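Student: Dropping the structure in here first, questions after.
Chains as they are written, first to last, in my numbering: chain A, 1 to 175; chain B, 176 to 350; chain C, 351 to 845; chain D, 846 to 1340.
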């Protein structure tokens, strides 16, 4: 059985072979490990990995499976599962105006029809007492402001549509 | 909606009338209370009873629903539910040889065919480092010893069958 | 003593205050906004009053609604916690007018100390060393320049009404001064409704050391030693400890005396904190007074064995402080780590969301003042603090090890936390050497990224979790009912 | 220092010992029986070794299996905890022969102090007051009677090898003596393989007060004050506290000196406890030495700020004890309540079973040394202790209130516990007056039955639980993925 787990931009591939109830051998890169495991509770697993005993805490979250080992928590997602979501669109460069975290819109600085420069401030969102200015990813014209002040917004949600200026390489609207 | 909850030998009857989502009025004896409630988690309820806020912790157990309020825990069982089990057979007087708690048989003091007096020691069970002597509930003859030393036993399980002596009022075997 | 107190706050600090109230036999009233209907503080109180929408200005910061909740429930006193209305002189004054006891200093004291220029004047008069700089504001660029040259560069522009870095600018050259003053004033005006700014000497390699004080209404003031709070991100403390690795007994005594003098100069009553900047030569300067219970008060409780909230309530009830300075002893070493919902790998960006699983650290010398629980949705509207993990041990080294053990056993799944970052800070050579200056994170951890050494282990756990059935372990085979037979206890063992 | 320690125990004490090991950077090995495959102590260790069937004699008490586990894992030392092999001189001797460090006193000391008659001889020679009574056994009824009349009635028959009340009888009249001696000897022989008994004066209205001592291998011995452990059911402690309400500073110092003298007389090394009986006139008598870590050691840790397990390990590693008597100070008041799986309404009958839900108390000054978790099946084979709830506060009154708050917030569902009983004891007038004699429960709580005042509330909760859907609160409506857009942090606030 092969697992491909996404962690941020990286994929961890595990070739897993079950060895009886509660055990498996896994190959990760050139490393091979013998694992035995038992579920302690819904969120707690006991592992023995090459003789060392480890407690792992696991919970499903909207961003993938959160797994804590030794005080270190990682978000892992099955790459093949539908909607395995890249944690970051950084590879292509951010092209949409969307908040980095769940937040509240506190200020809107542009209006429909307004021309904006790349990097120009568009709106301010606030989360947990920290204000964040969202800026234009490229030069263009604001075709639509999709939110109002006081509105709750979330990552991926496009807050402002911008029609790129002719010189912009990216095709189409930022959406 | 009427609830009849068994607590030990007693029955608590509640006449309950739902008042919208998350609220009800209950009559318990001559007391009438207005209750609003919300589930906080699988095992935790928030109640407001006549203005006072109370946290209650609830879990199903083999002996009924365990409910903790203010550090006091009660076992409550729906009287009408199938197998609503009396916590004690004390009303009829104990007539069977059964351990009071899950335990291990550590000593058997009688053998099949042996005559025993009322109160005579039959076997010793041990739980959590406490030994308990189980005695004959009436005079008679041991017709069968159902367990062996070292065996795990549980309440309700009949460990020794005794045929009552002729003088005994109770009909039939102790089983 | 009060029969009922309303706690005008939320989260861990509201829960912590309620615990002391319960131990004092005082009924508690929580207030909660729409976002906090199922918040822990609202659950733990004897009564809970809804005070409005999630937006802080319409709930926790709304004086009218808080006062109405006090009247509705018949509470005799209000504990403001920290943040929100805790240092709002108008709120304290309103309580005074309404006959509600405000658990904190008098409104007048809050107002004076809330204006940094007035506070500096008070301290100078009281003989407390202040950072070299202005004691009033200035009106024109020429006047600024005169002051600046007296002080010397680099210098710091600060807002009189300020806090949290707003309206603050470091200026290195005379040429930058005028524009920086104007920008700072604009920012301060926008943030506080007051654009007054002033200049102070900038002390680059310094520590933030604060002294806890307690003052009763009868003129008796003592201090409870220091807290070192130099490790900060975004001007917000993240690790605090006491004693400070930088203080000698003589310096501790001197700073304690200065803090008591500061409190006396200000006419202080109740618990408060006098913040100082300590330079590498051991000179200390008054920074400000926090006129409330400090977030990091638990480390002082750990080393002194005192319950600061109880002392606050008793002082507010008019009782004299019977503790003398000589009776207060610090023992051992305490460290606090603030567990925020934030992502240290992304510049400590907030991370609200649902706590999917929570496992708190426990054990000897471990205290976790926690305001959330598994299943709770951490709101986007409020401060990101989830809990404060505090440890106490015999020495700084042992406390550090204890904190590392506690952090490593703390699972918060569903939101990001700085737990792994804190593990690395605690294990670092500069921390262990006590080189805790206010530039600590910028100097040593600017490029921090999460340790990946157990990532593969986490991936293995992920696979194991997928392979292991989720069903509960079956209950015991034994029958459930208990039909007591005839039995008697034979014997018993003792440990 | 050791690199790896095997903990030859289970439950809360094994977990507690591992915590200190982790803080000291020492790897831990757990051993577990079949019943304990998923026990907390087996989960928390770095390695866990199966040592056999559930029956204690074939696992936790099996010296061969423990020694084999030590060798298999390469552990350098064994911590025996309390109970099981902790006071087994043969095990300590075996460790000595195998080159395994036994974290406790030398085998010879354990053997001497394990024989109560020899211990009494040692103490008398060492100038420690002992309970009036015999210093040897007797061979015939006439000899018993001679001793008995010298001692006076009522008197107590005790087993030399004894513990936990086995082989113990109170005798009020000379006529009962011969038969009681024989019965006690039979019981002792059955329980301990040694029927030796002796007579002591019975002190009816007395307190159980014990002194914690620490002795290193270099002859330096100190005491860490007393613990009052008078409140017992079935001769087993259930509430302990320190300081004792009965001790004056002078008496504390005298008992401390006696305990140190007792330790010196016995050649004691490592942590130990000297138990005394204290009569209402303030006279104290040596009872026995517990040659191990005591169940109730946390209350001493709370008032002294010391980690006793760390000191045990350091002493066992041959380090000198650097603490002096003058450096040890008790501060505040600590109380421990033992949370057993037992039913106080049914004569404290054991209550094994599955923990269906667990919510531990938290907060300032609260420590819960817990050995179980929700979902764990508490085995029938072992001691019923689930956790030890410990509080610390400034005074006895405040500690009592803190304990009441903590108990009232402690939910253990699925097994019976004495939490409600303990709440009533803590709230009672005799407890609050400090009238804690060994007959406390028999005198004040013999007829105890559970308080029913919140039974109706519980019934209402039961109904509400039945009416409320069990589904989890839905997650936030927001989309999950995070596509960072272009953004930058604008500002920040400070608390």
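Think of the CB as a built atom: it goes at the ideal place given N, C-alpha and C, for glycine as much as any other residue.
Small disclaimer: the values here were computed from a predicted structure and weren't measured.
Under a three-way DSSP split, which group does residue 1002 of chain D fall into?
Tutor: For the purposes of this step, residue 1002 of chain D is identified with residue 157 of the fourth chain, where counting begins at 1. DSSP places residue 1002 of chain D in strand when its eight states are reduced to three.
Student: With a threshold of 8 Å on Cβ separation, who are the neighbours of residue 921 of chain D within its own chain once the five nearest residues in sequence on each side are excluded?
Tutor: Here residue 921 of chain D refers to the residue found at position 76 when the fourth chain is read from its first residue. Closer than 8 Å at the Cβ level, and outside the excluded window around residue 921 of chain D, lie 847, 848, 849, 850, 945, 946.
Student: What's the gap between the Cα of residue 143 of chain A and the Cα of residue 110 of chain A?
Tutor: Translated into positions along the first chain, residue 143 of chain A becomes position 143. Translated into positions along the first chain, residue 110 of chain A becomes position 110. Cα to Cα, residue 143 of chain A sits roughly 11 Å from residue 110 of chain A.
Student: Under three-state DSSP, which class holds residue 314 of chain B?
Tutor: Locating residue 314 of chain B in the second chain gives position 139, counting from the first residue. DSSP places residue 314 of chain B in coil when its eight states are reduced to three.
Student: Can you give, in chain order, each stretch of the beta strand (DSSP E) that sits fully within the region 1039-1125 of chain D and has at least 3 residues?
Tutor: 1042-1046, 1052-1060, 1066-1078, 1081-1087, 1115-1123
Student: I want to verify the contact list: residues of chain A whose CB lies under 8 Å from the CB of residue 703 of chain C, in sequence order.
Tutor: Indexing the third chain from 1 puts residue 703 of chain C at position 353. Chain A residues near residue 703 of chain C: 61, 62, 102.
Student: Step through the CB atoms of chain B and report whether any lies within less than 7 Å of the CB of residue 1229 of chain D.
Tutor: Here the question's residue 1229 of chain D lines up with position 384 in the fourth chain. Yes, because at least one Cβ of chain B sits closer than 7 Å to the Cβ of residue 1229 of chain D.
Student: Nearest to residue 327 of chain B by alpha carbon, out of B:278, B:293, B:250, B:252?
Tutor: Numbered from 1 along the second chain, position 152 holds the residue referred to as residue 327 of chain B. When each option's Cα is compared against that of residue 327 of chain B, the closest is B:278.
Student: Could you check the C-alpha separation between residue 553 of chain C and residue 629 of chain C for me, to the nearest Å?
Tutor: Here residue 553 of chain C is taken as the residue at index 203 of the third chain, counted from 1. Here residue 629 of chain C is taken as the residue at index 279 of the third chain, counted from 1. If I take the Cα positions, the gap works out to 7 Å.
Student: Check whether the Cβ of residue 847 of chain C lies closer than 7 Å to any Cβ atom in chain A.
Tutor: Since the first residue shown for chain C is 351 and the last is 845, residue 847 of chain C is missing from the structure and cannot be characterised.
Student: In terms of residue numbering, what span does the alpha helix (DSSP H) encompassing residue 1269 of chain D cover?
Tutor: Position 424 of the fourth chain, counted from the first residue, corresponds to residue 1269 of chain D. Its alpha helix (DSSP H) spans residues 1264-1272.
Student: Would you mind stating whether residue 857 of chain D and residue 1216 of chain D have Cβ atoms separated by less than 7 Å?
Tutor: Against the fourth chain, residue 857 of chain D aligns to sequence position 12. Against the fourth chain, residue 1216 of chain D aligns to sequence position 371. The answer is yes: Cβ separation under 7 Å.
Student: Can you name, in chain order, every residue of its own chain whose Cβ lies under 8 Å from the Cβ of residue 198 of chain B, other than the five neighbours on each side?
Tutor: Position 23 of the second chain, counting from 1, holds the residue named residue 198 of chain B. Cβ neighbours of residue 198 of chain B beyond the five flanking positions: 209, 210, 211, 212.
Student: Label residue 257 of chain B either buried or exposed according to how many other C-beta atoms from any shown protein chain fall within 10 Å of its C-beta, with 16 as the threshold for buried.
Tutor: Within the second chain, residue 257 of chain B is the residue found at index 82, counting from 1. Any reading at residue 257 of chain B is ruled out, since the residue's pLDDT is 44, under 50, leaving its predicted position unreliable.
Student: Specify whether the region 126-144 of chain A and the region 741-750 of chain C touch according to this definition: at least 3 beta carbon pairs, one from each stretch, less than 8 Å apart.
Tutor: no
Student: Note down the Cα distance separating residue 188 of chain B from residue 1134 of chain D, rounded to an integer number of angstroms.
Tutor: Taking the second chain and counting its residues from 1, one reaches residue 188 of chain B at position 13. Taking the fourth chain and counting its residues from 1, one reaches residue 1134 of chain D at position 289. Near 55 Å, if we compare the C-alpha coordinates of residue 1134 of chain D and residue 188 of chain B.
Student: Is the beta carbon of residue 1131 of chain D less than 7 Å from the beta carbon of residue 973 of chain D?
Tutor: The residue labelled residue 1131 of chain D in the question sits at position 286 within the fourth chain. The residue labelled residue 973 of chain D in the question sits at position 128 within the fourth chain. Contact: yes.
Student: Regarding residue 323 of chain B and the ligand ZN, is the C-beta to nearest heavy atom distance less than 6 Å?
Tutor: The model depicted lacks the ligand ZN and carries no ligand whatsoever.
Student: Could you please give the first and the last residue of the uninterrupted alpha helix (DSSP H) stretch that includes residue 363 of chain C?
Tutor: Taking the first residue of the third chain as 1, we reach residue 363 of chain C at position 13. Note, residue 363 of chain C: alpha helix (DSSP H), 361-373.
Student: What does the Cβ neighbour count give for residue 1327 of chain D, buried or exposed, with the cut at 16 atoms within 10 Å?
Tutor: Residue numbering aside, residue 1327 of chain D sits at position 482 when the fourth chain is read from its first letter. With a pLDDT of 32 at residue 1327 of chain D, under the threshold of 50, the modelled position of that residue is not reliable, and the figure given next carries that caveat. Under this definition residue 1327 of chain D is a buried residue.
Student: Give a yes or no on whether the C-beta atoms belonging to residue 1020 of chain D and residue 996 of chain D are separated by under 7 Å.
Tutor: Indexing the fourth chain from 1 puts residue 1020 of chain D at position 175. Indexing the fourth chain from 1 puts residue 996 of chain D at position 151. No, the Cβ-Cβ distance between residue 1020 of chain D and residue 996 of chain D is not below 7 Å.
Student: With respect to the beta strand (DSSP E) encompassing residue 959 of chain D, which residues constitute its N-terminal and C-terminal limits?
Tutor: Here residue 959 of chain D refers to the residue found at position 114 when the fourth chain is read from its first residue. Note, residue 959 of chain D: premise wrong, no beta strand (DSSP E); alpha helix (DSSP H) at 952-959.
Student: Under 9 Å, CB to CB, which of the residues in the region 707-718 of chain C have a partner in chain A?
Tutor: 707, 709
Student: Compare the beta carbon distance of residue 130 of chain A and residue 814 of chain C with 7 Å and say whether it is the shorter of the two.
Tutor: In the first chain, counting from the first residue as 1, residue 130 of chain A sits at position 130. In the third chain, counting from the first residue as 1, residue 814 of chain C sits at position 464. No, these two residues do not count as a Cβ contact at 7 Å.
Student: Please classify residue 370 of chain C as buried or exposed, where buried requires at least 16 neighbouring CB atoms within 10 angstroms.
Tutor: Numbered from its first residue, the third chain carries residue 370 of chain C at position 20. Residue 370 of chain C is buried by the Cβ-count criterion.
Student: Between residue 1057 of chain D and residue 1068 of chain D, how many whole angstroms is the CB-CB distance? I'm expecting something under 8 Å.
Tutor: On the fourth chain, position 212 is the one that residue 1057 of chain D refers to. On the fourth chain, position 223 is the one that residue 1068 of chain D refers to. Sure, about 6 Å apart at Cβ, within 8 Å.
Student: Is the Cβ of residue 72 of chain A closer than 7 Å to any Cβ of chain D?
Tutor: Taking the first chain and counting its residues from 1, the one referred to as residue 72 of chain A is at position 72. So no, residue 72 of chain A is outside the interface.
Student: Using the beta-carbon of each residue, which ones in chain A are nearer than 7 Å to residue 804 of chain C?
Tutor: In the third chain, counting from the first residue as 1, residue 804 of chain C sits at position 454. For residue 804 of chain C, the chain A residues whose Cβ falls inside 7 Å of its Cβ are 69, 70, 72, in order along the chain.
Student: Check residue 726 of chain C in the structure and name its three-state DSSP category.
Tutor: On the third chain, residue 726 of chain C is found 376 positions in, with the first residue counted as 1. In the three-state reduction of the DSSP assignment, residue 726 of chain C falls in the coil class, being assigned neither a helical nor a strand state.
Student: What are the uninterrupted segments assigned as alpha helix (DSSP H) that are 4 or more residues long and contained completely in the region 893-974 of chain D, given in chain order?
Tutor: 908-918, 934-943, 952-959, 961-970
Student: From residue 73 of chain A to residue 67 of chain A, what distance separates their C-alpha atoms?
Tutor: Within the first chain, residue 73 of chain A is the residue found at index 73, counting from 1. Within the first chain, residue 67 of chain A is the residue found at index 67, counting from 1. Their Cα atoms are separated by approximately 5 Å.
Student: Can you find a CB in chain C that lies within less than 7 Å of the CB of residue 230 of chain B?
Tutor: Residue numbering aside, residue 230 of chain B sits at position 55 when the second chain is read from its first letter. Yes, because at least one Cβ of chain C sits closer than 7 Å to the Cβ of residue 230 of chain B.
Student: State the DSSP-derived secondary structure class of residue 7 of chain A, mapped to helix, strand or coil.
Tutor: Within the first chain, residue 7 of chain A is the residue found at index 7, counting from 1. Note: residue 7 of chain A maps to strand in three-state DSSP.
Student: Does residue 138 of chain A come within less than 7 Å of chain C when only Cβ atoms are used?
Tutor: On the first chain, position 138 is the one that residue 138 of chain A refers to. Not an interface residue.
Student: Let me make sure I understand the geometry here. Which of C:498, C:537, C:535, C:512 has the alpha-carbon closest to that of residue 521 of chain C?
Tutor: The residue you call residue 521 of chain C lines up with position 171 of the third chain. The option with the nearest alpha carbon to residue 521 of chain C is C:498.
Student: Just checking: is the beta-carbon of residue 751 of chain C within a distance shorter than 7 Å of some beta-carbon in chain D?
Tutor: Your numbering for residue 751 of chain C matches position 401 in the third chain. Chain D, which has a Cβ nearer than 7 Å to the Cβ of residue 751 of chain C, makes this yes.
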